[in-house]
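In terms of this note's numbering, the sequence shown is residues 2 to 155. Structure first, commentary second.
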Amino acid sequence: MTQDASDLLRRITRLHTTLQQHTASGCGIHSLTRCQILTTLSRAGPLSLADLGRHLGADKAWMSRNVDELARAGLIDKQAGQPDRRVVVLTLTPDGQEQVNRLNAALRQQSARLLRRVPPADQASVLRTLELLAEALEAECAGAAEDGGSRAAP
């Protein structure tokens with residue numbers, strides 16, 4: 002059952018993304034990008050459009066289109082910043098926060114279902130391994146950002 006680490010990581014990423022997209026759609030959000038925007042605003046609080054883009058590693062034009070759609074849907078509020086009114090500050094509306102709460106609850110249920118598929122004796126080991134993998138991925142992303150992305154692979 003030994004697999005190439007690269008193939009296994011891509012398979013896990015693809016399957017997890019598919020599951021998250023399915024769960025997000027069930028919560029009324031039909032884009033993982035928009036889910037990331039909403040959950041980032043929920044965790045980080047009010048952010049400028051530029052700061053949100055940096056958090057998500059996305060360019061301003063792409064981010065602006067998604068934010069505009071979420072604002073039209075009544076999930077994000079856009080206000081002029083203080084003291085620089087050229088800066089757009091983004092916050093979740095009450096409906097946006099409710100959407101995030103529903104999404105987080107659904108994702109927690111999804112994670113619990115997934116973990117229940119792992120034999121109970123292996124669950125703690127799987128969680129520890131996932132923690133180690135997350136730390137390794139964070140370090141790799143930080144390294145890629147420092148060297149201009151030359152470590153990042155498609």
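All residues carry an ideal CB built from backbone N, CA and C; glycine is no exception.
As the crow flies, the alpha-carbon of THR94 is around 45 Å from that of ASP5. In this structure, DSSP gives GLN110 a helical state, which the three-state scheme calls helix.
Between PRO47 and THR14 the beta-carbon gap is near 31 Å, outside 8 Å, which marks them as no contact. The residue among ARG114, ALA72, CYS142 and ASP148 with its C-alpha nearest the C-alpha of GLY97 is ALA72. Under the DSSP assignment, ILE38 falls outside any beta strand (DSSP E), being part of the alpha helix (DSSP H) whose first and last residues are 33-45.
Taking LEU133 as the centre and dropping the five residues before and after it, the same chain places no C-beta closer than 6 Å to its C-beta. Between HIS56 and ALA74, the CB-CB gap reaches or exceeds 9 Å.
Counting C-beta atoms within 10 angstroms of its own C-beta, LEU76 has 16 or more neighbours from the protein chains shown and is therefore classed as buried.
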